[in-house]
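Protein sequences appear in the order of chains A and B. The numbering of the first sequence is our numbering, which starts it at 1 and goes up by one. The numbering of the second sequence is our numbering, which starts it at 1001 and goes up by one. Heads up, the beta-carbon is just placed ideally off N, CA and C, and yes, glycines get one too. Note that the structure is predicted; figures quoted are calculated from it, not measured. Heads up, the thing below is written out as structure tokens.
Protein chains: 2
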Amino acid sequence: MSIGETGAEAGRPKRRRRTPDEARGEAIVAARRLLIDSGPTAITLKAVAGQIGVTHANLIHHFGSAAGLQSALMGSMVRDLTDALGETVALLRSEAGAPRAVTDSVFDAFEKGGAGRLAAWIVLSGDLKHLEPVRAAVQDLVNAIHERMAEGEATRHRITGAVLFIALCAFGDAVIGGPLRDMLGRDEDSARRIVARLLPTFLL
Amino acid sequence: MSIGETGAEAGRPKRRRRTPDEARGEAIVAARRLLIDSGPTAITLKAVAGQIGVTHANLIHHFGSAAGLQSALMGSMVRDLTDALGETVALLRSEAGAPRAVTDSVFDAFEKGGAGRLAAWIVLSGDLKHLEPVRAAVQDLVNAIHERMAEGEATRHRITGAVLFIALCAFGDAVIGGPLRDMLGRDEDSARRIVARLLPTFLL
DNA sequence: GCCTATATCAACATCGATGTAAATTAGGCG
DNA sequence: CGCCTAATTTACATCGATGTTGATATAGGC
Chain A
1 MSIGETGAEA
11 GRPKRRRRTP
21 DEARGEAIVA
31 ARRLLIDSGP
41 TAITLKAVAG
51 QIGVTHANLI
61 HHFGSAAGLQ
71 SALMGSMVRD
81 LTDALGETVA
91 LLRSEAGAPR
101 AVTDSVFDAF
111 EKGGAGRLAA
121 WIVLSGDLKH
131 LEPVRAAVQD
141 LVNAIHERMA
151 EGEATRHRIT
161 GAVLFIALCA
171 FGDAVIGGPL
181 RDMLGRDEDS
191 ARRIVARLLP
201 TFLL
Chain B
1001 MSIGETGAEA
1011 GRPKRRRRTP
1021 DEARGEAIVA
1031 ARRLLIDSGP
1041 TAITLKAVAG
1051 QIGVTHANLI
1061 HHFGSAAGLQ
1071 SALMGSMVRD
1081 LTDALGETVA
1091 LLRSEAGAPR
1101 AVTDSVFDAF
1111 EKGGAGRLAA
1121 WIVLSGDLKH
1131 LEPVRAAVQD
1141 LVNAIHERMA
1151 EGEATRHRIT
1161 GAVLFIALCA
1171 FGDAVIGGPL
1181 RDMLGRDEDS
1191 ARRIVARLLP
1201 TFLL
């Protein structure tokens, strides 16, 4: 009944030997799932190990320590977040950069894989250094919008304002959007619609 | 050198006997400080006890358990948040409900005493029931805005949209506003200015 | 001034998370 | 096929957080 047990077949080897990359990858996927489902405190060596059918000592072997696992998890999720923001940049550099499409792209970036929740955890924990890769992604976003706008039409200051605005809303929506929309009787898509509508007012 | 030791005067009683309310109050103040300064994981019985010069067993006596202390802390901070939102309602019912004043009021509500960070912690932990008192405060806010607007000028749907918008931004700013503004080179007041400027567009 | 209720403490017990050391085995390579 | 590296496990050690118990002292009431 426990997670690692898939049955009583005797033919399977008792131990499965993974490459270090496989082992780390599986562990991080499991840890991410635990973070999203049960919160930061659920990310324990034994819990992660149980999810992928290894022992907690094995995780220490691959990550050095529990802090090493947490750090790797943060790095992985921050990488996903910056990748997703990179897709927004690509969108803006193509022709399809309509307000609603850009909004969806940024909101998805914070929602996918629990990136917004992770960022909240990082800030609450005080490990701000893990957010450093996001800085470049955010600045790329500013640059992409700048390129797209006609000369002088939108100053850099207006653009950073727009990015601050959309990022705050996307982050907030990813973390407390659910409960808040419920309190207000608003549907799932409300925040995105509002942001998409307001976005053009920054660039006029 | 330990925290409780202020010197070698002999006249002071070795034990200070507090009323239960005093003891609980001091503990919650200390716990809140620990949450803001060092994150949720820093709120341990020993740490809180050390801050106020008692033993951890004493905290268990007053709160029943560690979970009881956490729950009391959440209740206290949620009460402060709802009180602060109540002040926004009062502001709206007076004559001074200018967009900037309302914006400041809501942003302060999420920033004061770490209310925004606490809300993030509650959501990440999954203890959504602790947020229940906020529901009424948020709905009061909707009602207050509704009263203030001329008949039919702003539908209830537009108002809930405005509240969702301002709450998301205020929450986001309270949690990741600092790092994000730093990445963008924006000053402390940026988000509030933006929100105050956009707020009227909801009600026209 | 004494008595009582209880706030407080010291010492102990427990439990889970983390970490360590040594044995075991999977799987590649000669 | 047999060997060797290292991924994996088992067993043990540690540490901190939580909880329990019985003793102690303090403040208010008589």
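The ligand MG heavy atom lying under 8 angstroms from the CB of residue i
| i | result |
| --- | --- |
| residue 1041 of chain B | The ligand MG is not part of this structure, which contains no ligands at all. |
Range of the contiguous alpha helix (DSSP H) that encloses residue i
| i | result |
| --- | --- |
| residue 68 of chain A | 66 to 93 |
| residue 107 of chain A | 99 to 111 |
| residue 147 of chain A | 132 to 148 |
| residue 1122 of chain B | 1115 to 1125 |
Residue from the options whose Cα sits closest to the Cα of residue i
| i | options | result |
| --- | --- | --- |
| residue 1133 of chain B | B:1074, B:1024, B:1064 and B:1045 | B:1074 |
| residue 1167 of chain B | B:1081, B:1020 and B:1091 | B:1081 |
| residue 119 of chain A | A:29, A:171 and A:156 | A:171 |
| residue 126 of chain A | B:1031, B:1054 and B:1037 | B:1037 |
| residue 185 of chain A | B:1178, B:1196, B:1185 and B:1158 | B:1158 |
| residue 1107 of chain B | B:1144, B:1173 and B:1055 | B:1173 |
| residue 22 of chain A | A:43, A:91 and A:59 | A:59 |
| residue 87 of chain A | A:98, A:99, A:128 and A:109 | A:109 |
| residue 53 of chain A | A:100, A:17, A:129 and A:146 | A:17 |
| residue 138 of chain A | B:1183, B:1121 and B:1138 | B:1183 |
| residue 1015 of chain B | B:1094, B:1055, B:1178 and B:1117 | B:1055 |
| residue 1039 of chain B | A:128, A:178 and A:197 | A:128 |
| residue 1238 of chain B | B:1154, B:1096, B:1177 and B:1146 | Because chain B here runs from 1001 to 1204, residue 1238 of chain B falls outside it and cannot be looked at. |
| residue 71 of chain A | A:89, A:50 and A:43 | A:43 |
| residue 1189 of chain B | B:1026, B:1104 and B:1046 | B:1104 |
| residue 169 of chain A | B:1194, B:1156, B:1155 and B:1154 | B:1194 |
| residue 112 of chain A | A:94, A:155 and A:83 | A:83 |
| residue 1067 of chain B | B:1090, B:1041 and B:1051 | B:1041 |
| residue 26 of chain A | A:46, A:51 and A:45 | A:51 |
| residue 146 of chain A | A:96, A:45 and A:89 | A:89 |
Helix, strand or coil at residue i [DSSP, three-state]
| i | result |
| --- | --- |
| residue 1017 of chain B | coil |
| residue 54 of chain A | coil |
| residue 1169 of chain B | helix |
| residue 193 of chain A | helix |
| residue 154 of chain A | coil |
| residue 1178 of chain B | helix |
| residue 1030 of chain B | helix |
| residue 199 of chain A | helix |
| residue 43 of chain A | coil |
| residue 161 of chain A | helix |
| residue 8 of chain A | Since pLDDT at residue 8 of chain A reaches only 40, below the 50 mark, its modelled position is unreliable, and no value is offered. |
| residue 24 of chain A | helix |
| residue 187 of chain A | coil |
| residue 49 of chain A | helix |
Cβ-Cβ separation, residue j to residue i (assumed contact under 8 angstroms), whole Å
| i | j | result |
| --- | --- | --- |
| residue 69 of chain A | residue 48 of chain A | 7 angstroms |
| residue 1131 of chain B | residue 1085 of chain B | Not confirmed; about 12 angstroms, so no contact. |
| residue 181 of chain A | residue 1164 of chain B | 7 angstroms |
| residue 1065 of chain B | residue 1028 of chain B | Rounded, the Cβ-Cβ distance is 15 angstroms, inconsistent with contact. |
| residue 1062 of chain B | residue 1024 of chain B | 5 angstroms |
| residue 114 of chain A | residue 192 of chain A | Wrong, their Cβ atoms sit about 18 angstroms apart, outside the cutoff. |
| residue 1162 of chain B | residue 1203 of chain B | 7 angstroms |
| residue 207 of chain A | residue 1078 of chain B | In this structure chain A extends from 1 to 204, so residue 207 of chain A is not present and cannot be described. |
| residue 1092 of chain B | residue 1148 of chain B | 5 angstroms |
| residue 1199 of chain B | residue 201 of chain A | Actually they do not touch by this definition, with Cβ atoms about 12 angstroms apart. |
| residue 99 of chain A | residue 196 of chain A | 5 angstroms |
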